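Number of protein chains: 2
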Amino acid sequence: MSRIRFALAQINPVVGDIAGNSALIRDAVRDAANAHASVVAFPEMALTGYPIEDLAFSPDFVDESEEGIRVLAGQLDADGSGDIAVIVGFVRRAATPSFGGAIAHNSLAVLFGGEVHSTYDKQHLPNYSVFDEERVFVPGHEPLALVLGGVKVGFLICEDLWRDEGPVETLAEQGLDVVVVINASPFDRTKDDNRFPLLVRRARQFSAPVAYVNLVGGQDDLVFDGDSAVVDASGTVCARAQRFESTILHHDVVGTAGGSGLDVRERTLNLLAPVITPDKDELDDIWAALVLGVRDYVTKNGFASVALGLSGGIDSAVCAVIAADAIGADRVFGVSMPSQWSSDHSQSDASDLANRIGCQYDVQPIGDLVGPFEQQLQLKGLAAENIQARARGMILMALSNQHGHLVLTTGNKSEIAVGYSTMYGDTVGGYAPLKDVPKTLVWELAEWRNRAATDNGEPAPIPQNSISKPPSAELRPGQTDQDSLPPYDVLDSILDRLIDRRESISTIVKAGFALELVSHIAHLVSISEWKRRQGAIGPRISRMAFGRERRLPITVRRSTL
Amino acid sequence: MSRIRFALAQINPVVGDIAGNSALIRDAVRDAANAHASVVAFPEMALTGYPIEDLAFSPDFVDESEEGIRVLAGQLDADGSGDIAVIVGFVRRAATPSFGGAIAHNSLAVLFGGEVHSTYDKQHLPNYSVFDEERVFVPGHEPLALVLGGVKVGFLICEDLWRDEGPVETLAEQGLDVVVVINASPFDRTKDDNRFPLLVRRARQFSAPVAYVNLVGGQDDLVFDGDSAVVDASGTVCARAQRFESTILHHDVVGTAGGSGLDVRERTLNLLAPVITPDKDELDDIWAALVLGVRDYVTKNGFASVALGLSGGIDSAVCAVIAADAIGADRVFGVSMPSQWSSDHSQSDASDLANRIGCQYDVQPIGDLVGPFEQQLQLKGLAAENIQARARGMILMALSNQHGHLVLTTGNKSEIAVGYSTMYGDTVGGYAPLKDVPKTLVWELAEWRNRAATDNGEPAPIPQNSISKPPSAELRPGQTDQDSLPPYDVLDSILDRLIDRRESISTIVKAGFALELVSHIAHLVSISEWKRRQGAIGPRISRMAFGRERRLPITVRRSTL
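Taken in order, these protein sequences are the chains called X and U. So the first sequence is numbered by my numbering: it starts at 48 and just counts up by one. So the second sequence is numbered by my numbering: it starts at 48 and just counts up by one.
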């Protein structure tokens, strides 16, 4: 019987940055070694970042990944960690390309003694939801189990764990001491409702602990929450990492294979105080996901600051606070852009917000900018309304051009669903923090964030008036959103059924909504697909985010979904 | 021995419009019956349109398709065509959903006697290039062969024909008289280089004719060229339809199964004059594809007219002529939007073009519109340049809001590749006719179109000056594209290698290009991915179009592809 310390290194790599990610890995191995770990597991595709999408078709990139993993093995040895077994996800060239042209496996390597000791290729490739892995990878066919310092270890990659057939069956028959699963499993609101029951079920099936290590960080529209954990053979969670941050989780595993296998470092082990991070409020998790999504988009793309329009409304207020939480209020540049139709409170609420969070603040009235357009083109009605939103977009982009800000666009999921936005106007921007947040959830998050601040003895960042006043685009006198849309609680209920749950119009009507209203909403959703195709990306928090998760034609002659 | 007339009905359905597509099918069956056909084959997904993308997950839509095919069978019988075997592609519910949630097969139905006589489910689902069929469909497992009026007919759907294993093998062993393949196979410049050699190879393998019927029409970014054909057992093309238009191709097949099988209508047959449409010039095909793409986007989405900026340059001139060819010059609205930096010829070339093609024409100077922005925001340099392009975008969108025009954006593939465009400026629009056309090909097409006109005794539509002058965005005095880009022949050679052929930088350098230049271009391509994600769709003519065919992260830390 041996006892070996496993470290699950929940890191935040950057897609494509093999050198930078290798440095992250070396640092984490050093830290784990200091905590007496003999085996360190990193997430799926830790070397390359995830998802690499069609970069997987690039022979150069695959070569760089293979070269990178060999170099990393040597570096770890040179770092004095050659006697630690290091498990790293990477991309590996396949012996035969797929019919569709995929050339690589989604693989893991076990690094030991300065070399790539073994590899395992992911067998089940998810090709649904946000995943296109059948497109970009070649599936593997061989299971992998190794003895590391007397511990019999089975290996899986993410989707492999979710399917009943294949490698799970194979490993279940092998009397293992632990199964290590490396993952790149993005956050959504319901993820833990599925993830932990699965870990419990598999651990019981294997009669062995499951050590689950997941990526953390934002990558375009995906946010990885980490949530690395160990579930023991009885189905008890015996270790669980902090979510939404880089961290290392340790767990000691007892081996039954005597002294055989790879001769990994064994040290006198200190006793390990179990880390079991408790569940948080769902709103807390969502807020953390949005903050991490914004922070990583900004920093990984090298922006020094963000700019956004502050209308005095709830969406821009919440976006500003997310941005301030993500990168610091001093790097947030808010612009109030009042028109003749703007209410007094639109400016006062905007400046109140800016004062509360301490961001940079500017006022740029649009009256002198839109007047010439209205006169020269003799604009009326919708065209005149839209020109106001577009002038605001031009101001923000001009400030971006002059100062290098990333422009945040503040539209929420409800608006984006029904096309309640002006193209090239309020849709302008590189990142949309609330893209996947329905309006009613924006309000909940605002209340939650204010409550969290006051609970913490800090001033509430979001003006109460921005939360309580009726939403309005203020593009004409006295306009409110509810002139053209149903109340948001009704709208969001219908949209949740129509989009997230893919219910039919007749099912929604049976649930108590008016046929005319539901059909109208479905029609709006359908005809605004062209707007969504040109929309900024934003962090996904649902199981049906707009973008790669929901692929619908623009040209379609039906209103139901 | 029987002799039966097959009709291949190359139709242009609209995605989602089951009622409208059924009407198209009934009309074509009527026409084919008048030409003495006993079997009529329609393309893949003819009932639903293709691609339906994630509509395939909609239980409602699948129900509508199944109901639609039954109703169609009854209607055909009521039309007096119940004794014609009609082969129609549709979507059919699968007995068991896939792990990823797909609920339907991509199927064909054989309609006869007012009923759905048989069905076949596509076995090979393409999941590469522009296709996501593993995502949205459940694969079938059973082959289908039937005797129709003494003719032994095997059935395949599109991708099934391209794979050596599976249904092709099964059918090859069955001594068939003909194999009917229904397709939704989009055009690209090289398609016929692959399609006809495959048909020849399969016909020889089957020792039987292959009857290939393909969709025609534009659907978002895809253009289906039709090109339906029959290749006989010796590998000779014995019938081939006109491309890029709706048509019916007839071919008589000799049966060896006596009087057995479905008792389809047999009439005294007239002798069939073979239709073998000859190949055209590649530029002719590309032009036809662009015209069809624009026409179908406009008409299927219900626009009465299009608007575009006319700069006097080659891109906008070619776009205007494509639009005029697609929907008639009277429905094309061209706007010259000169600034203080615009050359005299920019206006004179624009008005010359408008006169030549006879489109509507307006001049809207931007000086009075951009001045207030420059002053209020104290804009300089790039920010001041971009505000001009954005004012033009605002003008076009205002005209669209007032008059209902679809705005065409005129950027070409070379510009889009390197991000040589102003976001929310010249990128504004719902459809981008030249999105997949490199600049050098824009020139070739312009010369070709002028030559085609003069060969036809018509005036050349594109002013020679627009073709011959150096390209310029005219955002500052004396600016030309070559201030910041290499000559377009060099740029396009590099882009073709980098993007279309996925060559590495080192390979391109070995081919004779400077390392610094290639690295710079690769860097520009990488950092402008965010612009492409927000770009309009446009017709695909290459085998590596931007959009669903090339899926790359925005956030990525490397410049090579």
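Glycine is no exception: its CB is placed at the ideal position from the N, C-alpha and C atoms. Bear in mind that the values here come from a model prediction, so they are computed numbers and not experimental data.
Is the Cβ of residue i closer than 8 Å to any Cβ of chain X?
i                         : result
asparagine 59 of chain U  : no
arginine 580 of chain U   : yes
tyrosine 408 of chain U   : no
tryptophan 388 of chain U : no
glutamine 394 of chain U  : no
methionine 384 of chain U : no
tyrosine 175 of chain U   : yes
glutamine 170 of chain U  : no
tryptophan 490 of chain U : no
glutamine 423 of chain U  : yes
From the DSSP output, read off the bridge partner residues of residue i.
i                            : result
serine 49 of chain U         : U/Gly302
glutamine 382 of chain U     : Note on residue identity: the sequence assigns valine, not glutamine, to residue 382 of chain U. DSSP output for valine 382 of chain U lists U/Gly356 and U/Asp409 as bridge partner(s).
glutamate 162 of chain U     : U/Phe159
arginine 287 of chain U      : U/Ala276 and U/Ile323
tyrosine 167 of chain U      : U/Leu155
phenylalanine 350 of chain X : In the DSSP output, where bridge partners are listed per residue, phenylalanine 350 of chain X has none listed.
leucine 564 of chain U       : None, per the DSSP bridge assignment.
threonine 294 of chain X     : X/Gln57
Compute the beta-carbon to beta-carbon distance between residue i and residue j, rounded to the nearest angstrom, for a pair I have assumed lies under 8 Å.
i                            : j                        : result
glutamine 449 of chain U     : leucine 426 of chain X   : 7 Å
aspartate 224 of chain U     : valine 198 of chain U    : 5 Å
alanine 280 of chain U       : proline 256 of chain U   : 6 Å
aspartate 528 of chain X     : threonine 487 of chain X : Actually they are not in contact, since the Cβ atoms of aspartate 528 of chain X and threonine 487 of chain X sit about 12 Å apart, beyond 8 Å.
phenylalanine 159 of chain X : alanine 132 of chain X   : 5 Å
isoleucine 413 of chain U    : serine 386 of chain U    : 5 Å
aspartate 473 of chain X     : glycine 440 of chain X   : 7 Å
glycine 466 of chain U       : leucine 571 of chain U   : 6 Å
serine 363 of chain X        : threonine 237 of chain X : Actually they are not in contact, since the Cβ atoms of serine 363 of chain X and threonine 237 of chain X sit about 28 Å apart, beyond 8 Å.
Does residue i come within less than 8 Å of chain U when only Cβ atoms are used?
i                            : result
lysine 482 of chain X        : no
glutamine 411 of chain X     : yes
alanine 666 of chain X       : Summary: the structure shown does not reach residue 666 of chain X, with chain X confined to residues 48 through 608, and so no result is reported for it.
isoleucine 204 of chain X    : no
glycine 466 of chain X       : no
phenylalanine 291 of chain X : no
proline 419 of chain X       : yes
Need the endpoints of the beta strand (DSSP E) that residue i sits in, please.
i                         : result
valine 138 of chain U     : 132-140
tyrosine 535 of chain U   : Segment 535-542 is the alpha helix (DSSP H) holding tyrosine 535 of chain U; no beta strand (DSSP E) there.
glutamine 266 of chain X  : 263-266
isoleucine 229 of chain X : 225-230
leucine 599 of chain U    : Looking at the DSSP string, leucine 599 of chain U is not in any beta strand (DSSP E), and its letter there is neither H nor E.
alanine 192 of chain U    : 192-195
isoleucine 204 of chain X : 198-204
For chain C, check one thing: does any of its Cβ atoms lie closer than 8 Å to the Cβ of residue i?
i                        : result
glutamate 181 of chain X : Here chain C cannot be found, since the structure's protein chains are X and U.
Go to residue i, then tell me how far its alpha helix (DSSP H) extends in each direction, as first and last residue.
i                            : result
glycine 340 of chain X       : 329-347
cysteine 366 of chain U      : 361-374
histidine 83 of chain X      : Segment: none, histidine 83 of chain X is in no alpha helix (DSSP H) and carries neither H nor E.
alanine 464 of chain U       : 460-465
phenylalanine 253 of chain X : 238-253
alanine 436 of chain U       : 428-450
glutamine 423 of chain U     : 414-424
arginine 580 of chain U      : 576-580
Inset, instruction - Scan the segment 87-113 of chain U for residues whose Cβ lies nearer than 9 Å to a Cβ of chain X and list them as they occur along the chain. - result: Residues of the segment 87-113 of chain U with a C-beta less than 9 Å from any C-beta of chain X: Gly96, Pro98, Ile99, Glu100, Asp101, Leu102, Phe104, Ser105, Pro106, Asp107, Phe108, Asp110 and Glu111, listed in chain order.
Inset, instruction - With 7 Å as the limit, tell me which residues of the segment 549-570 of chain U have their beta carbon closer than that to any beta carbon of chain X; keep them in chain order. - result: The segment 549-570 of chain U vs chain X, Cβ under 7 Å: Arg549 and Ser551.
Legend entry - Against chain U: residues of the segment 237-261 of chain X by CB proximity under 8 Å: none
Inset, instruction - Give the residues from the segment 330-351 of chain X that approach chain U closer than 8 Å (Cβ to any Cβ), ordered along the chain. - result: Residues of the segment 330-351 of chain X whose Cβ lies closer than 8 Å to any Cβ of chain U, in chain order: Asp343, Tyr344, Lys347 and Asn348.
Legend entry - Residues in the segment 426-438 of chain U having any Cβ partner in chain X nearer than 9 Å: Leu426, Lys427, Gly428, Leu429, Ala430, Ala431, Glu432, Asn433, Ile434, Arg437 and Ala438
Legend entry - Near-chain U residues of the segment 517-533 of chain X - C-beta to any C-beta below 8 Å: Within the segment 517-533 of chain X, no residue has a Cβ that lies closer than 8 Å to any Cβ of chain U.
Legend entry - Short-range partners of chain U found in the segment 267-281 of chain X, where Cβ spacing is below 7 Å: From the segment 267-281 of chain X, only Asp267 have a Cβ closer than 7 Å to chain U.
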